[in-house]
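Just below is one structure, and these are the notes that go with it.
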Amino acid sequence: MININFYPESDKEEYVSAAKEYSEIWKKDGIKIFNAIENFSGLKFKTKLINAVTFEGPSYSLPLRLRSSYPESHKKATLIHELCHRILVDNYFYIFDNKNLSEDIHKIIYLFLYDIWVDLLGKKIANESKDVEIGYGDTTYKNAWGWALSFDKEARKLKFKEMVEKYSNHPKAINKPKT
0 MININFYPES
10 DKEEYVSAAK
20 EYSEIWKKDG
30 IKIFNAIENF
40 SGLKFKTKLI
50 NAVTFEGPSY
60 SLPLRLRSSY
70 PESHKKATLI
80 HELCHRILVD
90 NYFYIFDNKN
100 LSEDIHKIIY
110 LFLYDIWVDL
120 LGKKIANESK
130 DVEIGYGDTT
140 YKNAWGWALS
150 FDKEARKLKF
160 KEMVEKYSNH
170 PKAINKPKT
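Residue 141 in numbering that gives the first Met the number 0 sits at position 142 of the sequence shown, and the numbers go up by one each step.
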């Protein structure tokens with residue numbers, strides 16, 4: 000299990016409130032989220048402690064930054080999304096084509112993220128969360144979602160296994176310890 004500490008970026012009330020809300024989400028559902036990500040991905044988290052900052056801007060996985068203004072349902076979906084990035088980092092994923100890096104990473108994540116969302120949040124919120132991401136206006140998310148959801152659930156699992164074999168535990172991963 001990962002211990003996540005949620006901190007507001009400043010003493011601005013919306014950041015303080017969001018840090019408390021994310022903290023409550025993790026307290027209530029952290030074990031379910033952690034287990035779902037490991038179970039659906041077949042990977043293991045190596046990180047044991049994460050400090051997360053709430054602020055107003057795009058969420059990001061490393062360092063973990065979470066948008067304050069999302070409604071609770073999307074806060075949970077966002078936390079899950081960013082932790083899916085973290086499990087790839089923990090397993091030394093390396094994507095060779097940096098030209099489309101963001102889209103390629105999201106294609107990999109979306110192969111299992113959608114099914115986690117459906118399992119933990121229900122199909123309605125999973126679809127709403129997907130639509131929020133597609134609505135960011137960046138074709139990265141639209142293309143990645145379109146690609147990942149062109150496969151059915153079983154095909155996504157097989158495709159993700161293929162990606163794990165191809166990209167995980169790579170010697171060029173920036174965070175891989177030197178041996």
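Virtual Cβ for every residue (Gly too), placed ideally from N, Cα, C.
Apart from the 5 residues on each side of it in sequence, Y6 sits with its Cβ closer than 8 Å to the Cβ of A18, N50, A51, V52 and T53 in its chain, given in chain order. Beta-bridge pairing by DSSP links L48 to N2. Burial check for Y135: the Cβ neighbour count within 10 Å stays below 16, so the residue is exposed. Counting every other CB atom within 10 Å of its CB across the protein chains shown gives K31 a total below 16, marking it as exposed. Residue environment analysis places S149 among the exposed positions, since fewer than 16 neighbouring C-beta atoms fall within 10 angstroms of its C-beta.
One thing to note: H73 has its Cβ within 8 Å of the Cβ of S128.
For L65, the enclosing beta strand (DSSP E) stretches over residues R64 to R66. The continuous alpha helix (DSSP H) containing K152 extends over residues K152 to Y166. Counting only residues of its own chain and dropping the five nearest sequence neighbours on each side, T139 has a CB closer than 7 Å to the CB of S101, E102 and H105. Restricted to the segment 10 to 95, the alpha helix (DSSP H) segments that are unbroken, complete and at least 4 residues in length are 12 to 40 and 71 to 89, listed in chain order. The beta carbon of E12 sits closer than 6 Å to none of the beta carbons in its chain outside the five residues before and after it.
Taking a cut-off of 8 Å for Cβ pairs, the segment 153 to 166 and the segment 30 to 47 touch, as three or more such pairs fall below it.
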